[in-house]
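So for the sequence shown, full-length UniProt numbering puts the first residue at 1; every next one is plus one.
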Amino acid sequence: IFSVRRLPNGESVGTGALTDNPPKQFDGFSVNLNGNALAAGDVFKVTPTRNGASGISVVLTDPKDIAAAAP
1 IFSVRRLPNG ESVGTGALTD NPPKQFDGFS VNLNGNALAA GDVFKVTPTR NGASGISVVL
61 TDPKDIAAAA P
């Protein structure tokens, strides 16, 4: 059995078994773990959006090139 908690408040999102088929889903993520490599007390931190903005770059540098309007 494993448990999933949301950080930073530690709120429990749910629990599951390594043998669940199909894998459990929590907040849009599915958990599929290989039971052979896990041990009691193992902890994993998943941060899917940590580097989400790393591919954003500046394309326009002149404000006159931006099309904007006011109501």
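Just so it is clear, CB atoms sit at the ideal spot from N, CA and C, and this is done for glycine as well. Small disclaimer: the values here were computed from a predicted structure and weren't measured.
> Does the separation of the CB atoms of Phe-2 and Val-13 fall below 8 Å?
Replying inline: What you label residue 2 is simply residue 2 of the sequence shown in a count that begins at 1. What you label residue 13 is simply residue 13 of the sequence shown in a count that begins at 1. No, these two residues do not count as a Cβ contact at 8 Å.
>> In the DSSP output, which residue or residues are listed as bridge partners for Phe-29?
In response: As a first step, residue 29 must be located in the sequence shown, where it is residue number 29. Phe-26, per the DSSP bridge assignment.
>> Which residue marks the beginning of the beta strand (DSSP E) containing residue 72, and which one marks its end?
In response: In this structure the chain extends from 1 to 71, so residue 72 is not present and cannot be described.
> Based on the DSSP secondary-structure assignment, which residues constitute the bridge partners of Val-4?
Replying inline: To locate residue 4, count along the sequence shown from 1; it is residue 4. Answer by DSSP bridge pairing, in chain order: Gly-14.
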